[in-house]
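What follows is a short report on a single structure.
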Ligand code: ADP
Ligand code: GLC
């Protein structure tokens with residue numbers, strides 16, 4: 001089968017969060033199942049691009065209303081990726097250094113999708129058997145294939161749409177409708193949700209199959225989907241929750257080149273000790289005390305706004321270290337920075353994005369805090385488990401599917417609400433576990449054995465594609 005994944009992120013080329021990790025790993029595992037798997041993303045003017053080679057394969061033109069944009073399809077030459085990656089280059093639109101947050105994001109998303117369809121419509125040799133679209137940035141593709149006359153040769157290609165996060169739907173105002181190629185105007189309702197063009201809603205309505213990234217998040221979406229819950233209930237029969245995996249070849253403490261000392265189950269204690277010591281030396285923390293860390297986008301979905309109070313409460317009343325890695329909401333960033341002075345020697349924060357540091361944290365922290373309010377899947381907890389650090393999580397979304405509480409013979413610490421009180425209570429339970437070193441080490445070893453690789457879920461997607469092709 002020839003599978004085409006369309007996305008705005010793909011690790012290691014361009015990463016903001018878990019979307020990149022998924023699109024950088026799922027295709028690799030599907031390739032290993034003997035399918036031809038290609039990924040198409042925008043061109044980025046970033047470090048990966050500077051360090052890698054690419055060849056130009058095709059040139060075409062996309063039209064957004066009265067504007068014409070010449071585009072080039074480039075292929076990245078890198079056997080290490082484990083699958084083929086194509087990039088669309090459009091001068092001034094798809095040549096940015098970052099992934100999101102440009103004034104012309106809407107134009108970038110639409111131009112990207114139109115260029116993909118124009119390319120595969122023009123070259124028979126690149127026609128996929130199935131198109132798998134990820135998140136709202138590529139959510140218009142199922143509609144465009146189904147209702148734009150000039151793409152009618154693509155109409156038989158099944159489309160799968162994966163919701164990675166229903167909080168972000170990519171709403172477009174109707175004054176941009178003229179960017180769309182001519183389509184059957186009787187179908188305009190398929191684009192609409194709440195008086196906007198809504199690419200996520202359009203994808204839910206028009207794709208052949210909708211998936212999301214954990215079974216529990218699929219259930220939650222029926223009740224709470226940032227306004228799309230009614231639509232998701234209506235389309236329930238074509239929706240499935242498939243748990244994300246992790247790239248366990250890349251995320252492997254035994255071989256990970258980013259961490260300070262490699263280790264496996266048999267030498268987990270000494271291996272993790274070295275990584276923890278490095279973190280504590282580097283961030284002026286106390287290696288003999290339990291270390292709690294948070295890694296992630298500093299946004300309310302992740303419960304990041306709770307962190308300053310959690311830090312105050314925990315460090316005023318208990319003897320632990322806390323380390324934060326992340327960036328996002330500027331007020332939260334400021335509050336987290338301010339706390340450094342008050343709790344010097346027991347608390348630190350690195351505002352920014354640092355892939356290498358994140359690996360060392362997974363390898364060295366005793367506990368990983370995830371006080372998320374919304375967590376469609378969450379990959380951090382799976383990386384933590386693989387590296388032997390114990391997750392402390394809210395029972396929500398994919399966290400509920402992947403972390404079982406120690407009170408139920410599980411291996412993590414769970415609370416029901418994303419609140420300061422709940423998290424503080426969980427921290428106290430974690431300290432009690434840390435003080436029982438025998439149990440703590442037994443759990444560390446147990447969690448490292450859990451298989452969260454993509455093997456199983458990659459197959460589930462293949463089964464879905466096969467059923468659609470039939
Ligand atoms: P989301 O996609 O909602 O941000 P996920 O848990 O699915 O959450 O994935 C987050 C990914 O981004 C993980 O690979 C995590 O390690 C990484 N990450 C998040 N913030 C940072 C950061 N500041 N520095 C390095 N890696 C980060
Ligand atoms: C989104 C979600 C996150 C999920 C990731 C990958 O960014 O917020 O929970 O793990 O996508 O699917």
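Residue numbers (the numbering used here): 1 to 470.
Positions of the beta carbon are idealized from the N, C-alpha and C atoms, including for glycine.
Computed from a predicted model, the values in this text were never measured in an experiment.
Counterpart residues of residue i in DSSP-defined beta bridges
| i | result |
| --- | --- |
| residue 209 | 160 |
| residue 60 | 71 |
| residue 55 | 75 |
| residue 87 | 41 and 74 |
| residue 14 | 10 |
| residue 319 | DSSP output for residue 319 lists no bridge partner at all. |
| residue 133 | 6 and 161 |
| residue 94 | 90 |
| residue 172 | 197 |
| residue 390 | 367 |
| residue 303 | Its beta-bridge partners do not exist; DSSP assigns none. |
| residue 240 | 211 |
| residue 415 | 394 |
| residue 246 | 453 |
heavy atom of the ligand GLC below 7 Å from residue i C-beta
| i | result |
| --- | --- |
| residue 355 | no |
Three-state secondary structure (DSSP) of residue i
| i | result |
| --- | --- |
| residue 370 | strand |
| residue 36 | strand |
| residue 365 | coil |
| residue 75 | strand |
| residue 291 | strand |
| residue 275 | helix |
| residue 454 | coil |
| residue 297 | strand |
| residue 22 | helix |
| residue 280 | helix |
| residue 252 | coil |
| residue 104 | coil |
| residue 344 | coil |
| residue 471 | Only positions 1 to 470 of the chain appear in this structure, which leaves residue 471 out of reach. |
| residue 376 | coil |
| residue 215 | helix |
| residue 396 | coil |
| residue 440 | helix |
| residue 423 | helix |
| residue 407 | helix |
| residue 349 | strand |
| residue 269 | helix |
| residue 180 | coil |
| residue 99 | coil |
| residue 354 | coil |
Any non-hydrogen atom of the ligand ADP closer than 7 Å to residue i Cβ
| i | result |
| --- | --- |
| residue 4 | no |
| residue 327 | yes |
| residue 189 | no |
| residue 383 | yes |
| residue 295 | yes |
| residue 352 | yes |
| residue 358 | yes |
Which listed residue (the options) has its alpha carbon closest to that of residue i
| i | options | result |
| --- | --- | --- |
| residue 382 | 108, 163, 154 and 244 | 244 |
| residue 297 | 428, 235 and 324 | 324 |
| residue 385 | 397, 370, 396 and 374 | 370 |
| residue 176 | 165, 164, 191 and 94 | 191 |
| residue 140 | 84, 206, 88 and 101 | 206 |
| residue 289 | 447, 412 and 315 | 315 |
| residue 362 | 439, 214 and 391 | 391 |
| residue 240 | 219, 337, 16 and 246 | 219 |
| residue 373 | 54, 225, 44 and 143 | 225 |
| residue 9 | 41, 449, 403 and 60 | 41 |
| residue 469 | 128, 181 and 120 | 128 |
| residue 215 | 378, 313 and 138 | 378 |
| residue 193 | 185, 187, 222 and 202 | 202 |
| residue 238 | 158, 291 and 302 | 158 |
| residue 445 | 291, 389, 257 and 394 | 389 |
| residue 284 | 346, 302 and 301 | 346 |
| residue 278 | 3, 208, 406 and 358 | 358 |
| residue 448 | 434, 269, 340 and 464 | 269 |
| residue 291 | 182, 321 and 312 | 321 |
| residue 186 | 167, 154, 146 and 166 | 146 |
| residue 282 | 69, 350, 200 and 417 | 350 |
| residue 182 | 144, 60 and 174 | 144 |
| residue 228 | 460, 165 and 252 | 165 |
| residue 437 | 366, 407, 397 and 457 | 366 |
| residue 122 | 104, 61 and 24 | 61 |
Closer than 7 Å: residue i CB and nearest the ligand PLP heavy atom
| i | result |
| --- | --- |
| residue 280 | The model on display carries the ligand ADP and the ligand GLC but not the ligand PLP. |
Worksheet item: Around the ligand GLC, which residues pass a check of Cβ closer than 7 Å to any of its heavy atoms?
Response: Those residues are 17, 18, 19, 21, 22, 164, 165, 213, 244, 301, 375, 376, 377, 378, 379, 397 and 398, given in chain order.
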